[in-house]
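Worksheet: one structure, shown below.
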Amino acid sequence: MSDISLLARNHVELLPAGGLEAKLKLGRPLRVKLGIDVTSPDIHVGRGIPLQRMRAFQDAGHIGVLIVGDYTTRIGDPSGRSAERPILSDAEIDASAKLYVDQAMQILDPARTEIRFNGEWLSKLSFADVVRLTRTLTVAQLLERDDFSKRIAAGHPVSVSELLYPLMQAYDSVAIEADVELGGTDQLYNLLAGRTVMEAYGLEPQVVLTTPLLVSFDGSKMSSSIGNNIPLAAAREEQFGRTMRIPDTMLEDWYRLVVEGPVPAGEAMDAKLALARFIVARSHGAEAAVEAEAHFTRVVREGGAPEDVPQGVLPDGDPIHLPALLAAAFGLSTSDARRMIGQGGVKVDGTAVSSLDVPRAELDGALVQAGKRRFVQYPPSS
RNA sequence: GCAGGGGUUCCCGAGUGGCCAAAGGGGGCGGGCUGUAAACCCGCUGGCUCAGCCUUCAGAGGUUCGAAUCCUCUCCCCUGCACCA
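If you read the first sequence in the numbering used here, its first letter stands for residue 3, the second for the next number, and so on.
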């Protein structure tokens with residue numbers, strides 16, 4: 003019925019050995035779980051990789067169960083110290099969850115996806131239930147987690163509530179009776195904790211399948227907080243440009259993990275362009291990919307202005323103080339703008355300017371550029 | 001609770017009375033080189049119509065001509081000890 007090598011393509015761990023084969027022999031659609039954190043409503047290409055696995059299971063007739071971690075997010079980090087886990091309002095969480103699901107559907111098959119909010123069951127646990135849950139793991143087991151042990155070794159704080167996160171995630175598997183749980187390799191600990199906890203609750207433990215973390219253009223794993231991400235919700239030009247930033251040496255990994263195919267023969271440049279088109283097309287459609295490439299060619303490769311440059315309005319006065327103008331147009335500080343001018347990064351109609359005050363006539367009807375990518379057009383006064 | 005050690009600009013991390021808007025690295029930005037990149041080279045990196053001025057070194061007071069640096073209190077973190085019906 004299902005080809006295991008296809009389902010488990012690119013996996014790093016597939017545990018326990020033979021577990022997936024046994025599950026498939028049950029002859030019913032498997033419940034394949036993937037948990038998502040809704041702290042920021044951002045799925046990026048890297049986080050899309052486990053989703054691609056879920057899609058493969060769906061295509062083979064199984065059910066994808068997407069767990070929205072609304073409750074986990076709602077609790078937040080009680081110490082209030084972590085910027086990564088801000089406490090969000092219910093409305094923010096709901097909005098964020100919706101965006102998240104929309105993005106996930108770029109990759110998933112909606113007809114075979116079940117969306118569940120973990121508040122559904124976590125909010126109903128009594129304190130006694132929570133204590134029962136905590137009995138399923140020991141402190142030593144919790145501290146085994148690399149992340150915790152490293153932070154402790156480095157003298158960084160680990161709050162007790164953080165120790166509960168793996169337990170909450172594990173309980174999700176109990177609640178939905180997961181057959182398989184997917185995740186990045188960074189989730190291995192949590193996924194395995196899910197097995198232990200499921201067993202303690204008298205369930206058949208889930209099979210654990212981890213996928214590699216996608217290394218981004220800066221050489222570290224793709225992450226929203228680092229800012230090296232390519233969000234599935236990002237604009238077409240942005241997705242295209244960010245993809246083109248990856249070094250040629252990463253092409254093989256990206257093709258294997260994202261496209262799930264070989265790198266096309268020929269120039270690295272062409273392969274990268276094709277990759278960028280693939281990513282944009284998946285999120286925005288084939289036509290968007292063509293437009294994004296045209297934009298990239300014009301702005302980045304040829305150094306020209308984009309097709310639709312935002313219109314600006316010149317302030318009163320003559321001459322015009324350029325730092326203030328740039329600050330207003332591009333959201334810079336005037337100090338920043340001054341630096342850019344001083345370094346020859348500001349052009350008016352293609353010519354670098356060096357003076358801080360520019361006669362109004364020179365700006366009237368001019369195209370102003372700051373750096374490579376910031377443009378503003380001032381319409382001629384009549 | 002007690003005893004030590006800490007909290008520095010986006011991040012890491014120097015600085016322990018003036019030469020400090022604060023070393024160095026990372027990241028980022030601008031320029032150059034180029035096939036997009038990467039690599040490499042140069043420069044910049046708190047704010048302000050900027051040869052000057054203003055606001056920063058957990059927070060609030062204080063000492064001093066002068067404080068990131070000294071003192072007091074507060075908050076937070078770490079380590080050890082103690083507590084643990």
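Backbone N, C-alpha and C define an ideal beta-carbon position, used for all residues, glycine too.
(request) Kindly indicate the opening and closing residues of the alpha helix (DSSP H) around E94. (result) Mapped onto the first sequence, residue 94 falls at position 92. Its alpha helix (DSSP H) spans residues 92 to 106.
(message) Can you find the residues in the same chain that come closer than 6 Å, C-beta to C-beta, to S218, ignoring five residues on each side of it along the sequence?
(response) By 1-based counting over the first sequence, the position of residue 218 is 216. Counting only Cβ-Cβ distances below 6 Å, and skipping sequence neighbours, we find M224, N230.
(request) State the Cα-Cα distance for the pair G306 and G66, rounded to the nearest angstrom. (result) Position 304 of the first sequence, counted from the first residue, corresponds to residue 306. Position 64 of the first sequence, counted from the first residue, corresponds to residue 66. In a straight line, the C-alpha of G306 is about 45 Å away from that of G66.
(request) Take L193 and list the residues in its own chain whose beta-carbon comes closer than 6 Å to its own, dropping the five residues that flank it on each side. (result) Locating residue 193 in the first sequence gives position 191, where the first residue counts as 1. So the list reads E183, G185, V210, once near-sequence residues are dropped.
(request) Taking the CB atoms as reference points, tell me whether D72 and I95 lie closer together than 9 Å. (result) Here residue 72 is taken as the residue at index 70 of the first sequence, counted from 1. Here residue 95 is taken as the residue at index 93 of the first sequence, counted from 1. Yes, the Cβ-Cβ distance between D72 and I95 is below 9 Å.
(message) Suppose contacts are defined by Cβ-Cβ distances below 9 Å. Is I322 in contact with V378 by that definition?
(response) Indexing the first sequence from 1 puts residue 322 at position 320. Indexing the first sequence from 1 puts residue 378 at position 376. Their beta carbons are not under 9 Å apart, which means I322 does not touch V378 by this criterion.
(message) Report the CB separation of L316 from Y380 in whole angstroms; it is logged as a contact under 8 Å.
(response) What you label residue 316 is simply residue 314 of the first sequence in a count that begins at 1. What you label residue 380 is simply residue 378 of the first sequence in a count that begins at 1. Confirmed, Cβ separation roughly 5 Å.
(request) Could you check what DSSP says for A19 in three-state terms: helix, strand or coil? (result) As a working mapping, residue 19 is identified with position 17 in the first sequence. Coil at A19, not helix or strand.
(request) Figure out for me which residue from Q54, A24, A339, P233 has the closest Cα to the Cα of K35. (result) By one-based count along the first sequence, residue 35 stands at place 33. When only C-alpha atoms are compared, the closest one is Q54.
(request) Please determine, among R118, L165, F150, P31, the residue with the shortest C-alpha to C-alpha distance to A136. (result) Position 134 of the first sequence, counted from the start, is the residue given in the question as residue 136. The sequence given here has Thr at residue 136, not Ala. Looking at the Cα atoms, L165 is the closest of the given residues.
(message) Between the alpha carbons of D111 and H297, how many angstroms are there, rounded?
(response) Within the first sequence, numbered from 1, the residue matching residue 111 stands at position 109. Within the first sequence, numbered from 1, the residue matching residue 297 stands at position 295. Roughly 31 Å separates the two Cα atoms.
(request) Quick one: using the 10 Å Cβ neighbour count with 16 as the cut-off for buried, is T212 buried or exposed? (result) Looking up residue 212 in the first sequence gives position 210. Buried, because 16 or more other Cβ atoms sit within 10 Å of the Cβ of T212.
(request) Output the distance between the C-alpha atoms of D272 and G352, rounded to the nearest integer angstrom. (result) On the first sequence, position 270 is the one that residue 272 refers to. On the first sequence, position 350 is the one that residue 352 refers to. Computed Cα separation, rounded: 29 Å.
(request) Determine the contact status of V348 and L369, defining contact as a CB-CB distance below 9 Å. (result) Counting from 1 along the first sequence, the entry for residue 348 is found at position 346. Counting from 1 along the first sequence, the entry for residue 369 is found at position 367. No. Outside cutoff.
(request) Round the Cβ separation of L216 and V47 to the nearest angstrom and send it over; I've been treating them as touching at under 8 Å. (result) Here residue 216 refers to the residue found at position 214 when the first sequence is read from its first residue. Here residue 47 refers to the residue found at position 45 when the first sequence is read from its first residue. So it is a contact: roughly 6 Å between Cβ atoms.
(request) Report yes if the C-beta distance between P214 and I51 is below 9 Å; otherwise report no. (result) Along the first sequence, read from residue 1 onward, the residue named residue 214 stands at position 212. Along the first sequence, read from residue 1 onward, the residue named residue 51 stands at position 49. Contact: yes.
(message) Can you tell me which residues form a DSSP beta bridge with F119?
(response) Here residue 119 refers to the residue found at position 117 when the first sequence is read from its first residue. In DSSP, F119 forms a bridge with V70.
(message) Which residue wins for smallest C-alpha separation from L275, given the options E289, A294, G263, I232?
(response) Taking the first sequence and counting its residues from 1, one reaches residue 275 at position 273. Checked all of E289, A294, G263, I232; the closest Cα to L275 is A294.
(message) Do E239 and P308 have their beta-carbon atoms positioned less than 9 Å apart in this structure?
(response) Walking along the first sequence from the start, residue 308 turns up at place 306. Walking along the first sequence from the start, residue 239 turns up at place 237. Yes, the pair counts as a contact, with Cβ atoms nearer than the cut-off.
(request) Report the option in M56, A283, K374 whose CA atom is closest to the CA atom of H13. (result) Position 11 of the first sequence holds residue 13. Of M56, A283, K374, the residue nearest in Cα terms is M56.
(message) Considering just the uninterrupted stretch of the alpha helix (DSSP H) at T136, what are its terminal residues?
(response) If you number the first sequence from 1, residue 136 lands on position 134. Residues 129 to 136.
(request) Could you say which of G367, G314, R303, A372 lies nearest to S335 if we only look at CA atoms? (result) Here residue 335 is taken as the residue at index 333 of the first sequence, counted from 1. Comparing Cα positions, the closest option is A372.
(message) In chain order, what are the residue ranges of uninterrupted beta strand (DSSP E) at least 3 long that sit wholly in the region 305 to 357?
(response) 348 to 350
(request) Please state whether DSSP places A202 in a helix, a strand or coil. (result) In the first sequence, counting from the first residue as 1, residue 202 sits at position 200. Helix, per DSSP.
(request) Mind checking who A372 pairs with in its DSSP beta bridge? (result) As a working note, residue 372 is residue 370 in the first sequence. Answer is V348, R376.
(message) Can you check which of these residues, R340, V70, D255, is closest to S98 by C-alpha distance?
(response) By 1-based counting over the first sequence, the position of residue 98 is 96. Answer by Cα proximity: V70.
(request) Note down the Cα distance separating L124 from R375, rounded to an integer number of angstroms. (result) The residue you call residue 124 lines up with position 122 of the first sequence. The residue you call residue 375 lines up with position 373 of the first sequence. Taking the straight line from one Cα to the other gives about 47 Å.
(request) Rank M107, A290, Y203 by C-alpha distance to the C-alpha of A237 and give the top, closest one. (result) The count along the first sequence starts at 1 and reaches residue 237 at position 235. Answer by Cα proximity: A290.
(message) By DSSP's criteria, R33 is part of a beta bridge. Which residues make up the other side?
(response) Along the first sequence, read from residue 1 onward, the residue named residue 33 stands at position 31. Note: R33 sits in a beta bridge opposite I65.
(message) On the DSSP letters alone, give me the boundaries of the beta strand (DSSP E) that L259 sits inside.
(response) As a position in the first sequence, residue 259 is number 257, starting the count at 1. Where L259 is concerned, there is no enclosing beta strand (DSSP E), given that its DSSP letter is neither H nor E.
(message) Which same chain residues end up closer than 8 Å to V355 when comparing Cβ atoms and leaving out the 5 residues on each side of it in sequence?
(response) Counted from its first residue, the first sequence places residue 355 at position 353. Only L324, I343, V348, K349 meet the Cβ criterion.
(message) Checking 9 Å against the spacing of the C-beta atoms, do A106 and I38 come in under that value?
(response) Numbered from 1 along the first sequence, position 104 holds the residue referred to as residue 106. Numbered from 1 along the first sequence, position 36 holds the residue referred to as residue 38. For A106 and I38, yes; Cβs fall inside 9 Å.
(request) Within its chain, find whatever has a CB closer than 8 Å to the CB of Q313; leave out the 5 residues flanking it on each side and keep chain order. (result) Position 311 of the first sequence holds residue 313. Excluding positions up to five away in sequence, the list reads V378, Q379, Y380, P381.
(request) Please confirm whether T138 and L169 have their CB atoms less than 9 Å apart. (result) For this step, residue 138 is matched to residue 136 along the first sequence. For this step, residue 169 is matched to residue 167 along the first sequence. In contact: T138 and L169 (Cβ atoms closer than 9 Å).
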